[in-house]
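See structure below.
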């Protein structure tokens, strides 16, 4: 904005004391100071507001004005509240250095002037940036010339001083400003969890979260279903109650809102958007639509990989000859593992999303989540999912995960590949928030196989592991082939009431005792069984004297009437702990 516009704003009540020929200068910011030398805090283009507390006598005015001019300040506004009137020596100094000087009436607060300048400057910048974003959107729509979302995030940083990032629903960093700081991984996960919880609650966006009582972030959902963002004025009315998103789907049959919450990306802005003007909110919604273009392009690129996975899955389920399945795998390998010289091992992962009370089939949601979960959590950007092929049928999604062969490796490859706990470690928190209340995600992971003949067995193994995971408590659970021991195989098929009664009968006496005496009998029992009943190893793990350990084990046996030297009783305790 120009200085002339300030003088023409009656609500500010400014009086020009000198510098009439300089009123076309452009104001880029505002700063309030009473320091004798504020130059270190100035970057140029500011309107400086001062109450003149720095002035002790007339000799102080010239050095103060000189420092402002050297720092590139465009004007000075002096308050009349301290001295009753602006001193003549300050007027003379400003006239000498051609620095426009305004008098601020004592009835006008500096905060009023600051708010007006910031609002006008931000509005003008937002208008300029909106044109850039619109042009960039058109470029992105017609081809990759726009450069991706990173370019617009850079513009937000340079033009509006807004630090912004794009995250996946599990908190994986997809894009960010190349010049700004990287958002820490733990912060990404916490933000994703807060966003999913807020979206599932039905609150209209943008959602605002404050972490550690310090930094506030505003979260804008990025829908990948073709929906469009509303204007700021229309945003609350357009929010979808089921998931807190914006806009209405373009498809005549909109997806279940619970599923879109689990698949939406989100734009994270380090600012509180609660008091933003409509123009700025509209700009950010425009940025989300630009990111949608990039996301839809990435989704389209997955079509070939999904089709390959679907073809292999249908052949395996239909009992096709291994040679036919092998032929399909030879087609898939160059797409999924480009440049690989030898045939890879394959691992199968099965996922299912179940909604309490039924509802829409969860296969599509499971497919989107599996494509996200199988990406290395340490990786960034959307391109790291290019080697994951996931098909879905009904409520189930099935992933073919290629494991490149390692020179000198034996055929079994039993020790390689994905592990259930490691797979969910980085994403359990946000997905639990997204499913809280009425949904569950369960996964099963097979062992690695090295041929088409092994895929059918791997698929059944992964499905059974998923049923084992489904028998456990929690919104997000996984099980691997290592857990399909003979006794664990039986757990998913024991009725819930029987399992609860068995667990309560065996463990409740120990829990009650722990609550009353803080004796830690349950942790002691878990460690004792994990150490195969070895007194010395268990004592070392728990940092206890062996005699203290013997006392605790004796108390466990006394309270339960069991003998931990007997194999049958050890197995009962093991199963009770696994089912609890």
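Residue numbers (the numbering used here): 727 to 1306.
For every residue, glycine included, the Cβ atom is placed at its ideal position computed from N, Cα and C.
Can you find the residues in the same chain that come closer than 7 Å, C-beta to C-beta, to residue i, ignoring five residues on each side of it along the sequence?
i	result
residue 842	735 and 738
residue 916	937
residue 1050	1041
residue 913	937
residue 1189	1076 and 1170
residue 807	777 and 832
residue 1182	1042
residue 1267	1253 and 1257
From the DSSP output, read off the bridge partner residues of residue i.
i	result
residue 1171	1075 and 1206
residue 744	827
residue 934	944
residue 1127	1073
residue 879	Answer is none; residue 879 lacks a bridge partner.
residue 728	752
residue 899	893
residue 1241	None; residue 1241 has no bridge partner.
residue 1166	1080
Return helix, strand or coil for residue i, following the three-state DSSP convention.
i	result
residue 944	strand
residue 991	strand
residue 1138	The predicted model places residue 1138 with a pLDDT of 38, which falls under 50 and marks its position as unreliable, so this point remains unresolved.
residue 1118	strand
residue 1291	coil
residue 772	strand
residue 1306	coil
residue 913	helix
residue 1153	coil
residue 1100	coil
residue 756	strand
residue 1080	strand
residue 1201	coil
residue 971	Its pLDDT being 35, under 50, residue 971 is placed unreliably by the model, and the measurement read from it follows with that caveat. Looking at residue 971 - three-state DSSP - the assignment turns out to be coil, as it is neither helix nor strand.
residue 1231	helix
residue 1296	helix
residue 1054	helix
residue 1001	helix
residue 765	helix
residue 907	coil
residue 1045	coil
residue 949	coil
residue 887	coil
For the alpha helix (DSSP H) that residue i lies in, which residues bound it at each end?
i	result
residue 1278	1272-1286
residue 787	787-796
residue 891	Looking at the DSSP string, residue 891 is not in any alpha helix (DSSP H); the run it does join, the beta strand (DSSP E), is 890-893.
residue 1194	1181-1196
residue 817	814-822
residue 1251	1247-1256
residue 809	Element bounds for residue 809: n/a, residue is neither H nor E.
residue 1266	1261-1268
What residue does the beta strand (DSSP E) around residue i start on, and which one ends it?
i	result
residue 1176	Element bounds for residue 1176: n/a, residue is neither H nor E.
residue 778	Segment: none, residue 778 is in no beta strand (DSSP E) and carries neither H nor E.
residue 801	801-805
Tell me which residues share the same chain as residue i and place their Cβ nearer than 6 Å to its Cβ, disregarding the 5 neighbours each side in the sequence.
i	result
residue 678	Residue 678 cannot be examined here, being either before or after the span of the chain that is shown, 727 to 1306.
residue 1298	none
residue 1164	1081 and 1082
residue 1151	none
residue 1094	989
residue 1300	1255
residue 830	803 and 805
residue 1203	1168 and 1195
residue 811	none
Grab me the residues of residue i's own chain with a C-beta within less than 8 Å of its C-beta, minus the 5 sequence neighbours each way, in chain order.
i	result
residue 1289	1283 and 1295
residue 828	732, 733, 740, 741, 742, 743, 801, 802, 803 and 804
residue 1275	1250, 1254, 1261, 1264, 1265 and 1268
Note down, one range per segment and in chain order, each alpha helix (DSSP H) of at least 4 residues found wholly within the region 1010-1043. DSSP runs (the alpha helix (DSSP H)) wholly in the region 1010-1043: 1029-1043.
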